[in-house]
Structure formats: C-alpha cells, structure tokens
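First the structure, in the form of structure tokens, and then the observations on it.
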Amino acid sequence: MAEISYRDAVARGIAQEMARDKDVVFLGEDVAKAGGCFKATVGLFEQFGPLRVRDTPISEQAILGAAMGAAMTGLKPIAEIMFSDFIAVCFDYIANEFPKSRYMSNGQTKCPLVVRTGNGAGSRFGAQHSQSVENWCMMIPGLKVVAPSNPTDVIGLLAAAVRDPDPVIFFEHKSLYPIKAEVPDGEIVDTLGTAKIVRPGKDATILALALMVPRAIEAAERLKAEHGIDAEVVDVRSLVPLDTKTILGSVGKTHRLFTVEENPRLCGWGAEIVSIVADEAFYDLDGPPVRITTPHIPLPAADHLEDMVLPTPDRIVETVRRSLGS
Amino acid sequence: MVAKDDRANGSGGAGLNDDIGEAKRLALYRSQIRLREAEQRAFDLFLQNLVKGTSHLSLGQEAVAAGFAEAMQKGDLSFCTYRGHAHTLARGVSVEKVLGELMQKDNGLMRGKGGSMHLTSEEHGVMGSYAIIGAHLPIACGAAWRAQYRGDKDVSVCFFGDGTTNIGAFHEALNFAAVWKLPVVFVCENNLYMEYTPIGDVTAVASPAGDRAAAYGLPKIVIDGNDADVVYREAQKAYAKARAGEGPSLIECLTYRHSGHSRADPAKYRPEGELERWKERDPIKIYRERLKQFGVSEQVIADIDAEVRREVDAATEACKAAPIPPTDILFTDVYADGGWAWRN
Numbered sequence: 000m001a002e003i004s005y006r007d008a009v010a011r012g013i014a015q016e017m018a019r020d021k022d023v024v025f026l027g028e029d030v031a032k033a034g035g036c037f038k039a040t041v042g043l044f045e046q047f048g049p050l051r052v053r054d055t056p057i058s059e060q061a062i063l064g065a066a067m068g069a070a071m072t073g074l075k076p077i078a079e080i081m082f083s084d085f086i087a088v089c090f091d092y093i094a095n096e097f098p099k100s101r102y103m104s105n106g107q108t109k110c111p112l113v114v115r116t117g118n119g120a121g122s123r124f125g126a127q128h129s130q131s132v133e134n135w136c137m138m139i140p141g142l143k144v145v146a147p148s149n150p151t152d153v154i155g156l157l158a159a160a161v162r163d164p165d166p167v168i169f170f171e172h173k174s175l176y177p178i179k180a181e182v183p184d185g186e187i188v189d190t191l192g193t194a195k196i197v198r199p200g201k202d203a204t205i206l207a208l209a210l211m212v213p214r215a216i217e218a219a220e221r222l223k224a225e226h227g228i229d230a231e232v233v234d235v236r237s238l239v240p241l242d243t244k245t246i247l248g249s250v251g252k253t254h255r256l257f258t259v260e261e262n263p264r265l266c267g268w269g270a271e272i273v274s275i276v277a278d279e280a281f282y283d284l285d286g287p288p289v290r291i292t293t294p295h296i297p298l299p300a301a302d303h304l305e306d307m308v309l310p311t312p313d314r315i316v317e318t319v320r321r322s323l324g325s
Numbered sequence: 000m001v002a003k004d005d006r007a008n009g010s011g012g013a014g015l016n017d018d019i020g021e022a023k024r025l026a027l028y029r030s031q032i033r034l035r036e037a038e039q040r041a042f043d044l045f046l047q048n049l050v051k052g053t054s055h056l057s058l059g060q061e062a063v064a065a066g067f068a069e070a071m072q073k074g075d076l077s078f079c080t081y082r083g084h085a086h087t088l089a090r091g092v093s094v095e096k097v098l099g100e101l102m103q104k105d106n107g108l109m110r111g112k113g114g115s116m117h118l119t120s121e122e123h124g125v126m127g128s129y130a131i132i133g134a135h136l137p138i139a140c141g142a143a144w145r146a147q148y149r150g151d152k153d154v155s156v157c158f159f160g161d162g163t164t165n166i167g168a169f170h171e172a173l174n175f176a177a178v179w180k181l182p183v184v185f186v187c188e189n190n191l192y193m194e195y196t197p198i199g200d201v202t203a204v205a206s207p208a209g210d211r212a213a214a215y216g217l218p219k220i221v222i223d224g225n226d227a228d229v230v231y232r233e234a235q236k237a238y239a240k241a242r243a244g245e246g247p248s249l250i251e252c253l254t255y256r257h258s259g260h261s262r263a264d265p266a267k268y269r270p271e272g273e274l275e276r277w278k279e280r281d282p283i284k285i286y287r288e289r290l291k292q293f294g295v296s297e298q299v300i301a302d303i304d305a306e307v308r309r310e311v312d313a314a315t316e317a318c319k320a321a322p323i324p325p326t327d328i329l330f331t332d333v334y335a336d337g338g339w340a341w342r343n
C-alpha cells in the first residue's frame, strides 16, 4: 500500500495499461511534455516516449476523431479532453460517431477507446470550466460512462475502460485531483458496471458519484452521530453500464432513496435511477425518492456562490433528516 | 480482349503502354461504367419507390471514385461521405450489397441497419460513410496515425465535397495531419454546389480546397476530376508521398453531379445550360474516347458495358427478391458483446 493522490492515480493507471499493451496510445492538449493541465499525466511522456504520448493542437474534434480512427484500425487510444465542458465542441464524435458506428455497420466497426476528461466544480472557474456533464453522455446508446471517486477506483476503472472493447467516457473530478488515499501495490483492474456500497446502513440509501461520494459519506457519518439515522452510501461509479442490482438491493433494504448529483437538475443521472426505482421497487419505498442536485442554473465563479449551489454535507444531512422526519 | 503488348501506340500520341497501360485503363473504364450503371439503377429504383430513405448519387463524378480506388493497394482505407455509393463500389463491393442496403433489404451491406448514407465494408477497406459533414477527416487521420505508429504501409484516403471545406473539422484535420505528417490523402470532390447553394457564394476563396492548402503548408492541387487518367495519376503521386512518410495531400477534383443533391432535389437552382455543358465533359464519354484513341475496339467496350449491365440487372433482381431484415437485429451490435444491455 502507498498513499497517492487521485491526480497521480491517473498517471499510474495510464502507465499500467501502456506498459501492458503497446497498442495503448495517449493524446491530448498539453498532456505530453507539460504533463497535463492538471498535472495528472506527469512522467508518461518520459516513460513511453513521443510516439505513444502525443501533444495535439487545440482541436478537440481532431483529438476525438483521430482516437476513433486509431481505435477502428487496431489501437487502443486514450484521448484527453482537458475540461469536460469542451465535450460540447466535439460532441459529434461522442454522440454520433463512437457510439453508432458498430450498430450502423451491422457489427463491422469497433471503437475501443477511452476519453478522459476533467469534470465538475469547486475550482471557481465559472460556467464553462466547471460543469458536471456526465449526463450528456449517459443519454447516448452505445457509450459507457464512468466517474471514479477515489484513487484506487481511478486506476482500476481506468484499466477496465482501456481493456473494454467499447467507447468509454471517463470523468475525472477536478476537485478530487489533490485528495490522497491508500492504494494497493501492483496491478489494479476493476469492473465497469459495478456500484459499490461504501458505507453500509439500514435507514436510507444515498446514491452519489465522484465528488459527491465523500460528501455523502461525511453526511452519513453526521446523520448517524447527530440524528441516529443509519444511511447507506452507494458510490454509483459507472452510469453505463448501470449496476441496478446493487441500487435496487440497497433500496430494498433501506426503503428510502436519495440521490446526490452535481449536475444541474433537469435530466440528471438521478432522474433515470429514480424512474427505475419507481418502476421496479415502488412498493419497497416508504417515502418519495428525493433528488439532491445543483439547481438548474449555470455555475457562478465566485467561491461563496459556487459553494452555495453544489450539494454539501449540510444540505444532504438536512434533506435526509427532514425526509425521514427525525 | 487484346493483349497488353499487341498493339502499337494509339493516335492520341501517348502510348497505349504508357504509365497507365491498357489493363489499368480497361479497369478504370469498367469501374466508371459500373458506378454509372449502379447509380442510374438506384435512381430508377427510387422512382419505383423501391429505394427507401434518402440517397445521394455520384452520377457524373465517377472518374474521381474510379481513379482514386484503382490507384489504391489492398489494405488502403477509404473514408466516404453520405455520397459514398460510388466510392464503396469502386473498392469492389458488390452492386447487390449496395443496392440491397439502399432498398433496406436483408441482403444489404449492413442489413438495413445503416442505410445509404453509411455504407461500410471493412473487408474491402471501406471504413465507413459518414453523414455528418467533416466528421471523417479526423477519423481518417486516426487510421493514418495507426499506420504511422505501427509502420504499416497503408494509406487512408478521405473523400468529401466542396461544402466540407467550410466546416471546422476540415481545418482541424488538415492541420493535425500536416503537423503529425500522417499518411492520409484528402480528396475534395468539388461539384460546384454545397447541397443547393453554389459553393462560390459561401466561400471566401475561388478553390475551396486548393486555396486552403497553403494554410497547412501543402501545395495547391486542383485537377480535372472528370478525367480518370488525371485522377489516377494524381492519386498515385499522393499515395507514394504518403507511403514514403512525407505526409498528407489535399487534392481538389473539379467535377459535376448530373443529378440533384439528394433524391428529393430536382436541382432547379442550376443555371440553364450548365448541366448540358458538363455532360459534354461526362467522364464516361471522355474515357470511351480515350480508349478508342488508344485503339481499344468498340466491341471490347461494348462487352464491358454488357458485363456490367448483367451484374447490375442480376443485383436488382436479387434485391427485389430478398427478404426484409428480421426484427431481431434491432437489438444487436450496440455494444461489443453483441447486445444492447446498459444495465444489469
């Protein structure tokens, strides 16, 4: 075991896969010589050289298009889109090209690639560099969508994404880059489509993703200590494939459901999960499912304003406590 | 058929056994007439309401598809647009597979799951037809990057229309390919219209591709896209440059589509006489004259025409008789496991 940061876990995960398979190549803006805008890819250029770790122009369409062409013809590219907000300028590849080529070609075309991108708020960057856009990708048939919450999951899920034969959009949370945790030594390979119960409990299920996971855990600890409510926290980890078994199992046990979502409210990932639970576990519920989200507004830059709109442990505690009537 | 070395030089001055030679010229002719007949048949079947959805014909643009495809080697990759029937056929995909897809039958190239705008046959090197303007230029760069990375000698060839030169992905791809020195050849088919609007009305330069080349450190290449010999020779040069590791080429081929943009378009926006003038420069007409000039007999030409017609007729009948796709393919091949499951 060693304590490493979420940021360093990214580089370790990429290095683990590049060392294993020379078909794994990596491209993006500032990712090579500069080691990445968030310093999450430091050392890869030195370790794997300029043919495998390549700086690109500021051309998001070229980055994703090139990744796709390389993937179709035998490589396993990892492409970085620096800020997930920039997905909007290359959305054609994410919405139209990666996920539809296999289907349209009746199974001829493959597209085994990973798009890594810095997602989420907390850096006071304002409305175009702070969004949580995992739901933009969740809605598209043919993609897989992953968002890890801790360093071990970064390595394991990144490895699983690289080894997966489908296009995977891998959302790293910018505010998690500095956080540190103990990570096992050696190769780490996880499984896509698996949620994790990170804090067992019996009174309420709290589903969270990425930065919202540590906040949900903190809230659960306080709910227990201050209100005697024993909440179960589930790290959803993978939106597609979605581990509905774990989610429905937890709701079956606790009979209450809360989602903690950083995305703005409309069509956030929690809406889909609430709909699944309403369809399939309605009679397990002792009360209405509750979504705790960022309000449906663009994100402000000023620190106190940004802090007000993201779900916080305080808001989670208060919402769960009120809903459970204690 | 006359053997390659049996005949003296033709009356045109250039030798029958010049750099192209008789065998390749007959192949170029066969390819062009095959594209012409297949596209004309697609149009006829549309009028009979047997081609469904949309379709974008390459009638009049056959020399570009034939010239570039005939200059390719096995393993070279084609990236096409929604106007991709001709480029797909030119790589050797059967007329039946293409017409079957246009007719959305089970014998179609993708069993009706893609439709006319997405013809794909990886076994023939046809790496897809892309219906979002410009999307495939970066994708072709990626395939070329793989070749460069692995030391493979194949070339990625990317076909697109004049309208594509005004979208961002064109410029991103050109710069990317030039900076990375990728073995990719960009082929602009300038048929004078971006959909319904004259390209000159919406483009800042006279040659939509050619005049942009300098911005990416590439030479301006604008050629007669209705003369298959000219196209073939330019293709050979560009492929050789790519294989030698000397980077991309951008080639603008001047041509003209005889039909409208898509099946719904009668092309009434064209000035009177324009179509007739271009039909004087019909690539099939030009090439028949070329063959005769080199001493190829009317009979040899007629035999090729008849063979092609038989293939197209047989394909038509096979497609008419083919079943529609079964409904169980609806849920296949969304993901690599063959299925569509997004949850457990």
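Quick note, the sequences are listed as chains S and A, same order.
FYI, numbering that gives the first Met the number 0 numbers position 283 of the first sequence as 282, with every residue one higher than the one before it.
FYI, numbering that gives the first Met the number 0 numbers position 59 of the second sequence as 58, with every residue one higher than the one before it.
All C-beta atoms in this analysis are idealised placements derived from N, C-alpha and C, irrespective of residue type, glycine included.
A quick note: this is a predicted structure, and the numbers were derived from the prediction, not measured.
- Using a Cβ distance threshold of 8 Å, ASP283 of chain S and VAL250 of chain S count as a contacting pair.
- At least one C-beta of chain S is nearer than 8 Å to the C-beta of VAL178 of chain A.
- Under the criterion of beta carbons closer than 8 Å, GLU271 of chain S and VAL9 of chain S do not qualify as touching, at roughly 27 Å.
- With respect to chain S, the C-beta atom of PHE175 of chain A has a partner C-beta closer than 8 Å.
- Those residues of the stretch 193-224 of chain S placed with their C-beta closer than 8 Å to a C-beta in chain A do not exist.
- Taking a C-beta cut-off of 7 Å against chain A, the contacting residues of the stretch 123-152 of chain S are PRO140, GLY141, listed in chain order.
- For the stretch 60-87 of chain S, residues whose beta-carbon sits nearer than 9 Å to a beta-carbon of chain A comprise GLN60, ALA61, ILE62, LEU63, GLY64, ALA65, ALA66, MET67, GLY68, ALA69, ALA70, MET71, THR72, GLY73, LEU74, PRO76.
- Distances from the alpha-carbon of LEU157 of chain S to those of S:LYS143, S:VAL319, S:HIS226, S:VAL188 put S:VAL188 closest.
- In this structure, the CA atom of ARG211 of chain A is about 8 Å from the CA atom of LYS219 of chain A.
- Taking every protein chain shown into account, the CB of GLY286 of chain S has fewer than 16 other CB atoms within 10 angstroms, so this residue is exposed.
- Neighbours of LYS104 of chain A in chain S, taken as residues at a C-beta separation under 7 Å, are lacking, since the least C-beta distance is about 13 Å.
- Going by beta carbons, ARG110 of chain A and ASN149 of chain S fall outside the 8 Å limit.
- Per the DSSP secondary-structure output, TYR215 of chain A pairs with nothing in a beta bridge.
- Per the coordinates, the alpha-carbon of GLU233 of chain A lies some 44 Å from the alpha-carbon of GLY42 of chain S.
- In this structure, DSSP gives ARG198 of chain S an extended state, which the three-state scheme calls strand.
- Residues of the stretch 237-256 of chain S that bring their beta carbon within less than 7 Å of a beta carbon in chain A comprise VAL239, PRO240, LEU241, ASP242, THR243, LYS244, in sequence order.
- Secondary structure at SER4 of chain S: strand, using DSSP grouped into helix, strand and coil.
- ARG256 of chain A carries a coil assignment under DSSP once its states are collapsed to helix, strand and coil.
- Excluding five sequence positions before and after ASP184 of chain S, the CB atoms of its chain that fall closer than 8 Å to its own CB belong to MET0, ALA1, given in chain order.
- At a cut-off of 8 Å between C-beta atoms, ILE220 of chain A does not count as an interface residue with respect to chain S.
- Assigned with DSSP and collapsed to three states, THR119 of chain A falls in coil, not helix or strand.
- Residue state for SER54 of chain A is assigned as coil, using DSSP reduced to three classes.
- Judged by DSSP secondary structure, ALA313 of chain A falls outside any beta strand (DSSP E) and instead within the alpha helix (DSSP H) spanning 297-320.
- With contacts defined as CB atoms closer than 8 Å, GLY64 of chain S and ALA172 of chain A qualify as a contacting pair.
- Taken atom to atom, the span from the alpha-carbon of GLY127 of chain A to that of ALA134 of chain A is near 11 Å.
- In terms of beta-carbon proximity, SER274 of chain S stays away from the interface with chain A, with every pair separated by 8 Å or more.
- Apart from sequence neighbours up to five positions away, the residues of its chain that approach GLY216 of chain A with a beta-carbon distance below 6 Å are ALA177, ordered along the chain.
- In the three-state scheme derived from DSSP, where H, G and I count as helix and E and B as strand, VAL161 of chain S is classed as helix.
- Excluding residues up to 5 positions away in sequence, ILE93, PHE97, PRO98, CYS136, ASP165, PRO166, VAL167, ILE168, VAL239 lie with their Cβ nearer than 8 Å to the Cβ of LEU142 of chain S in the same chain.
- Residues VAL188, ASP189, THR190, LEU191 of the same chain have their beta carbon placed closer than 7 Å to that of ALA159 of chain S, with the five preceding and five following residues left out of the count.
- Listed in chain order, the positions of the stretch 106-121 of chain S with a beta carbon within less than 7 Å of a beta carbon of chain A are GLY106, GLN107, THR108, LYS109.
- With respect to LEU98 of chain A, ALA41 of chain A sits close: the two C-beta atoms are nearer than 8 Å.
- Here the alpha carbon of ALA277 of chain S sits roughly 45 Å from the alpha carbon of PHE78 of chain A.
- Here the C-alpha atom of LEU50 of chain S lies approximately 17 Å from the C-alpha atom of ALA61 of chain S.
- Counting the other CB atoms within 10 Å of its CB gives GLY227 of chain S a total below 16, which places it among the exposed residues.
- Across the set A:PHE175, A:ALA22, A:MET102, A:ALA85, the C-alpha of A:PHE175 shows the shortest separation from the C-alpha of ILE138 of chain A.
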